[in-house]
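**Student:** Okay, here's the structure, questions in a sec.
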Amino acid sequence: MKIKTYSSILLALCLALVVSACSSNPSKTDNENKSENQKVTLKLWYWNGAISDASLQAAKEKFPNINLEAEKLPSGDDYLTKLRTTLAGGGSGPDIVAMDSWISSMLEYKNQFVNLYDQGAHDIESQYLDWKWKLGADQENQYLIGLPIDVAPVVLFYRTDLFKQAGVPSTPQEIHEQVKSWEDYFELLKKVKDKTGSQTGNIADIFRSIVGQSPENFFDKDGKYIGDQGDVKRAWDLSVKAFQDGLTFPFTSDTEKNAAINASKINSFNGASWSVGDLVSAAPDTTGKWGIAYPPGGVGNQGGSFLGALKHTKHPKEAYEVIKFLVSPDNLVQAYKEFGNYPSTPEIYSLPEMESKNEFFGGQNLNEVFSEAAKDVQIAPSNSQDIMVLNTIIEGLTKVDTMKKDANKAWEEAQTKVKRQLSR
Amino acid sequence: MNVEILSKKVFFHALLLVGVIISVFPFYWLVVMSTNETSAMFAFPPKLTFGSYFWNNYDNVMQNMNFYRAFLNTVFIAVVSTTLQLFFNSLTGFTFAKFKFPGSKILFYIMIGTMILPSQMLLVPQFIIMRNLGWLGSYVALIIPSIATAFGIFWIRQYALAIYDDLLEAARIDGCNKFGQYWHVALPVLRPALAFLAITTFVGVWEDYLWPLIVLTDSSKFTMVLALQQLKAAHTSDYSMVMTGTMLATIPLIVFFLIVSRQFIAGIMEGAVKS
Chain V
61 MKIKTYSSIL
71 LALCLALVVS
81 ACSSNPSKTD
91 NENKSENQKV
101 TLKLWYWNGA
111 ISDASLQAAK
121 EKFPNINLEA
131 EKLPSGDDYL
141 TKLRTTLAGG
151 GSGPDIVAMD
161 SWISSMLEYK
171 NQFVNLYDQG
181 AHDIESQYLD
191 WKWKLGADQE
201 NQYLIGLPID
211 VAPVVLFYRT
221 DLFKQAGVPS
231 TPQEIHEQVK
241 SWEDYFELLK
251 KVKDKTGSQT
261 GNIADIFRSI
271 VGQSPENFFD
281 KDGKYIGDQG
291 DVKRAWDLSV
301 KAFQDGLTFP
311 FTSDTEKNAA
321 INASKINSFN
331 GASWSVGDLV
341 SAAPDTTGKW
351 GIAYPPGGVG
361 NQGGSFLGAL
371 KHTKHPKEAY
381 EVIKFLVSPD
391 NLVQAYKEFG
401 NYPSTPEIYS
411 LPEMESKNEF
421 FGGQNLNEVF
431 SEAAKDVQIA
441 PSNSQDIMVL
451 NTIIEGLTKV
461 DTMKKDANKA
471 WEEAQTKVKR
481 QLSR
Chain D
2 MNVEILSKKV
12 FFHALLLVGV
22 IISVFPFYWL
32 VVMSTNETSA
42 MFAFPPKLTF
52 GSYFWNNYDN
62 VMQNMNFYRA
72 FLNTVFIAVV
82 STTLQLFFNS
92 LTGFTFAKFK
102 FPGSKILFYI
112 MIGTMILPSQ
122 MLLVPQFIIM
132 RNLGWLGSYV
142 ALIIPSIATA
152 FGIFWIRQYA
162 LAIYDDLLEA
172 ARIDGCNKFG
182 QYWHVALPVL
192 RPALAFLAIT
202 TFVGVWEDYL
212 WPLIVLTDSS
222 KFTMVLALQQ
232 LKAAHTSDYS
242 MVMTGTMLAT
252 IPLIVFFLIV
262 SRQFIAGIME
272 GAVKS
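Protein chains in written order, with the working numbering: chain V, 61 to 484; chain D, 2 to 276.
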């Protein structure tokens with residue numbers, strides 16, 4: 061009987077709470093309107109690691125008449141899902157929004173974004189890396205939906221001690237000069253493996269790196285599928301060759317990869333600038349034995365974000381000013397120091413603050429390699445289907461390793477699968 | 002004979018022990034990781050013993066997320082949501098089971114039909130409804146849409162079918178109206194079914210991720226799973242910290258399960274003895 065009394069009280073309470081929550085809503089918006097008259101409120105969405113907290117604080121101090129509400133949201137696909145649903149449902153999204161390298165898929169909805177060129181973005185264009193800037197603009201370069209934050213050039217991470225032991229080029233200088241192509245790199249890997257028994261990343265890593273540094277990948281700039289030929293086929297063949305020569309390490313997850321790196325079973329891999337932090341925390345037993353060098357085959361880019369403003373904002377001018385401040389070179393240096401996001405403004409690469417010597421890398425100044433690589437990044441035309449194609453082909457490629465599938469058969473199957481998906 | 006029984010017992014207990022180890026290990030590992038540094042996670046061979054970094058990780062969690070705020074938010078939503086769901090589901094389920102009205106069968110099958118729709122498909126339409134109602138960003142948008150669920154109603158109806166009509170008849174003769182029959186007769190009988198529903202609903206609300214992610218924008222209103230995601234950075238994550246946060250977030254669920262499961266089992270026993 062007692063339980064029943066309690067439960068009916070609880071039920072009544074719950075109903076009352078919900079009803080009161082319904083009715084309290086309008087009064088709240090009234091309050092917001094009132095405060096808006098005095099101070100402009102700008103909402104900003106970002107994820108942990110996109111913008112430095114110190115920079116956000118600095119922005120609040122610089123713009124005393126702007127009430128900047130920055131919401132740190134879950135990162136990765138979740139963030140994209142939330143943004144997409146909000147755009148599709150026409151919900152009250154933020155005024156300012158951080159975007160990752162998927163910004164090209166947002167260009168389809170450019171009408172939902174403020175054209176930053178209209179706000180005077182042309183004036184600061186020259187400060188940024190040209191290839192990075194263009195990722196946020198439409199094909200005609202008339203409509204700009206995001207200003208660049210960071211870039212993520214992919215370079216070669218390698219074990220200086222193992223390379224030395226094998227008698228192959230082992231300084232960044234030597235590697236840059238002597239290991240120019242993937243064929244050179246495989247040659248080197250063979251020697252290192254014979255001497256030390258260590259390998260490079262898995263078969264998919266190699267494919268991803270080669271595709272990433274090609275001037276064209278899965279679609280040409282008119283949207284025609286070319287992922288069954290050219291650079292993609294070359295990347296596939298090279299990856300298969302590396303696997304068949306026993307140069308790749310067959311890890312299937314990041315945990316396995318980290319364990320292999322820490323156990324000195326991996327002598328080198330291609331990684332983006334942000335993987336420095338991952339490597340340091342994953343492989344404490346190899347401290348001091350790593351180095352980075354200009355990568356074989358050219359430079360790709362993996363990631364790097366942008367800040368844009370949504371069209372429904374009532375204050376596009378103020379939003380632009382805040383964005384401009386947050387992506388200013390000074391704040392980008394701050395983000396590099398805080399979590400290793402490499403800035404997209406080349407003018408600051410030579411500043412003494414950018415020097416990053418790390419004991420983990422035997423005191424090498426990483427900035428020397430990154431700054432050179434960042435300027436040489438190759439960008440291929442992007443397409444909203446890129447990720448699907450990449451995942452399908454990598455799925456097929458992985459089977460060559462894990463299931464010892466015939467490489468030609470796997471290629472045919474992957475291509476059939478991609479084409480079936482594309483025809484839907 | 003005795004030896005045979007004993008060896009059988011030993012065998013089954015050994016088998017059960019293996020089962021227990023397999024199911025408990027992930028949680029054990031979670032606790033171990035929350036007391037170690039991240040680097041220990043990737044060490045080879047992996048570290049399987051407790052470390053001394055728990056308070057360190059705890060401090061990191063508290064600095065990087067508003068843990069207790071998120072905790073209270075989630076408790077609030079889970080309690081309100083579960084209570085309302087139990088009430089509306091059992092009321093509807095009981096009605097479907099015991100009262101015949103025109104179209105009741107068709108209504109029931111239509112409702113069952115909605116279970117086929119994947120929740121992802123409802124995301125955008127539901128979002129638009131919430132926007133039009135002006136509920137975006139508030140807890141009402143989390144609670145109201147799931148106030149009655151097809152599964153819950155179906156579950157209760159199946160259970161309520163077993164209630165004797167004579168029992169309800171007797172209550173009616175004693176002066177109970179229809180709501181009284183539900184409140185005084187059906188609810189006590191439905192207790193084990195409600196306990197099960199309470200567990201699944203509570204856990205479901207506690208773990209719900211996609212809908213709160215879409216609806217909530219103010220991080221001070223975030224539920225536990227959303228707030229935990231804030232611990233993860235875009236590239237480099239401090240996994241010990243994430244593990245510590247996850248472990249702390251799991252404890253209330255275990256406590257709740259222990260409390261309610263006793264009800265659940267008590268209910269089963271009660272029924273068994275009476276019949």
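Virtual Cβ for every residue (Gly too), placed ideally from N, Cα, C.
What number of angstroms, rounded off, separates the C-alpha of Leu16 (chain D) from the C-alpha of Lys9 (chain D)?
**Tutor:** If you take the alpha carbons of Leu16 (chain D) and Lys9 (chain D), they lie about 11 Å apart.
**Student:** Please list, in chain order, all residues of the same chain as Asn93 (chain V) whose beta carbon is under 8 Å from its beta carbon, the five residues on each side excluded.
**Tutor:** Confidence at Asn93 (chain V) is low in this model, with a pLDDT of 47, below 50, so its placement is unreliable and no value can be given for it.
**Student:** Using a beta-carbon distance cut-off of less than 7 Å, what residues from the segment 21-40 of chain D approach chain V?
**Tutor:** Within the segment 21-40 of chain D, the qualifying residues are Thr39 and Ser40.
**Student:** Anything in chain D within Cβ reach of Asn277 (chain V), meaning under 9 Å, just list it in chain order.
**Tutor:** Those within 9 Å of Asn277 (chain V) in chain D number zero; the least Cβ separation is about 23 Å.
**Student:** Quick one: grab the DSSP three-state call for Ala480 (chain V).
**Tutor:** It should be pointed out that residue 480 (chain V) corresponds to Arg in this sequence rather than to Ala. Three-state result, Arg480 (chain V): helix.
**Student:** Per DSSP, what kind of secondary structure is Trp471 (chain V) in: helix, strand or coil?
**Tutor:** In this structure, Trp471 (chain V) counts as helix in the three-state DSSP scheme.
**Student:** With 8 Å set as the bound, which would you pick, yes or no: does the beta-carbon of Thr141 (chain V) sit closer than that to a beta-carbon of chain D?
**Tutor:** So, interface residue.
**Student:** What's the call for Ile107 (chain D), buried or exposed, on a 16-neighbour Cβ count within 10 Å?
**Tutor:** Classification for Ile107 (chain D): exposed.
**Student:** Would the segment 112-125 of chain D and the segment 148-166 of chain D be scored as touching if the rule is three or more Cβ pairs under 8 Å?
**Tutor:** Touching, yes, given that three or more Cβ pairs across the two stretches are closer than 8 Å.
**Student:** Under 8 Å, Cβ to Cβ, is there at least one residue of chain D near Lys120 (chain V)?
**Tutor:** For Lys120 (chain V), the answer is no, since every Cβ of chain D falls outside 8 Å of its Cβ.
**Student:** Once DSSP output is grouped into helix, strand and coil, what is the label at Gln259 (chain V)?
**Tutor:** Strand at Gln259 (chain V).
**Student:** Please list the partners that Thr346 (chain V) has in chain D, where partner means a Cβ-to-Cβ separation under 9 Å.
**Tutor:** The contacting residues do not exist; Thr346 (chain V) stays about 11 Å from chain D at best.
**Student:** Would you decide whether Thr93 (chain D) is buried or exposed? Buried here means 16 or more other CB atoms lie within 10 Å of its CB.
**Tutor:** Thr93 (chain D) should be labelled buried.
**Student:** Below 8 Å, can you find three or more Cβ-Cβ pairs linking the segment 348-360 of chain V to the segment 221-232 of chain V?
**Tutor:** At 8 Å Cβ cutoff, the stretches touch.
**Student:** Looking at chain D, which residues of the segment 371-402 of chain V have a Cβ within less than 8 Å of any of its Cβ atoms?
**Tutor:** Those residues of the segment 371-402 of chain V that come within reach of chain D (Cβ to Cβ, closer than 8 Å) are Phe399 and Gly400.
**Student:** Which word fits Val21 (chain D), buried or exposed, when buried means at least 16 other C-beta atoms lie within 10 angstroms of its C-beta?
**Tutor:** Classification for Val21 (chain D): exposed.
**Student:** Distance, Cα to Cα, Ile156 (chain V) vs Ile163 (chain V)?
**Tutor:** Whole-angstrom Cα-Cα distance: 14 Å.
**Student:** For Arg158 (chain D), which residues in the same chain have their Cβ closer than 7 Å to its Cβ, ignoring the five residues on either side in sequence?
**Tutor:** Cβ neighbours of Arg158 (chain D) beyond the five flanking positions: Gly94, Phe97 and Ala98.
**Student:** So that I know if they touch, is there some Cβ in chain D lying closer than 8 Å to that of Lys99 (chain V)?
**Tutor:** No - not a single Cβ of chain D is within 8 Å of the one on Lys99 (chain V).
**Student:** Does any C-beta atom of chain D lie closer than 8 Å to the C-beta of Lys132 (chain V)?
**Tutor:** Taking Cβ atoms only, chain D reaches closer than 8 Å to Lys132 (chain V), which makes this a yes.
**Student:** Could one say the Cβ of Asn262 (chain V) lies closer than 8 Å to chain D's Cβ atoms, at least one of them?
**Tutor:** By this cut-off, Asn262 (chain V) is not an interface position.
**Student:** Is the Cβ of Asp113 (chain V) closer than 8 Å to any Cβ of chain D?
**Tutor:** No, its Cβ sits nowhere closer than 8 Å to a Cβ of chain D.
**Student:** From which residue to which residue does the beta strand (DSSP E) around Leu418 (chain V) run?
**Tutor:** First, the residue type needs correcting, since residue 418 (chain V) is Asn and not Leu in the sequence shown. That residue, Asn418 (chain V), is in no beta strand (DSSP E); it is neither H nor E in DSSP.
**Student:** Give the C-beta separation of Ala467 (chain V) and Val300 (chain V) to the nearest angstrom, bearing in mind that I take them to be a contact with Cβ-Cβ under 8 Å.
**Tutor:** So it is a contact: roughly 5 Å between Cβ atoms.
**Student:** Which residues, in order along the segment 433-465 of chain V, keep a beta-carbon less than 8 Å from a beta-carbon of chain D?
**Tutor:** So nothing in the stretch comes that close.
**Student:** Alpha carbon to alpha carbon, how far is Leu176 (chain V) from Met448 (chain V)?
**Tutor:** Those two C-alpha atoms are separated by around 30 Å.
**Student:** Closest Cβ-Cβ distance between Ser220 (chain D) and chain V: below 8 Å?
**Tutor:** By this cut-off, Ser220 (chain D) is an interface position.
**Student:** Please classify Met244 (chain D) as buried or exposed, where buried requires at least 16 neighbouring CB atoms within 10 angstroms.
**Tutor:** So Met244 (chain D) counts as buried.
**Student:** Identify, in the order they occur along the chain, each residue of the same chain with its Cβ nearer than 6 Å to the Cβ of Glu398 (chain V), setting aside the five sequence neighbours on each side.
**Tutor:** For Glu398 (chain V), where only same-chain residues beyond five positions count, the Cβ hits under 6 Å are Ser112.
**Student:** Under 8 Å, Cβ to Cβ, is there at least one residue of chain D near Asp282 (chain V)?
**Tutor:** False, the Cβ-Cβ gap to chain D never drops below 8 Å.
**Student:** Which residues in the same chain as Ala343 (chain V) place their Cβ atom closer than 6 Å to its Cβ, once the five residues preceding and following it in sequence are excluded?
**Tutor:** Answer for Ala343 (chain V): Ile321 and Asn322, listed in chain order.
**Student:** So is Gly181 (chain D) buried or exposed if we call it buried at 16+ other beta carbons inside 10 Å?
**Tutor:** The residue in question, Gly181 (chain D), is exposed, as its Cβ has fewer than 16 Cβ neighbours within 10 Å.
**Student:** Chain V beta carbons: is any one of them nearer than 8 Å to that of Arg132 (chain D)?
**Tutor:** Yes - at least one Cβ of chain V is within 8 Å of the one on Arg132 (chain D).
**Student:** For Trp156 (chain D), does the count of other Cβ atoms within 10 angstroms reach 16, so buried, or fall short, so exposed?
**Tutor:** So Trp156 (chain D) ends up on the buried side.
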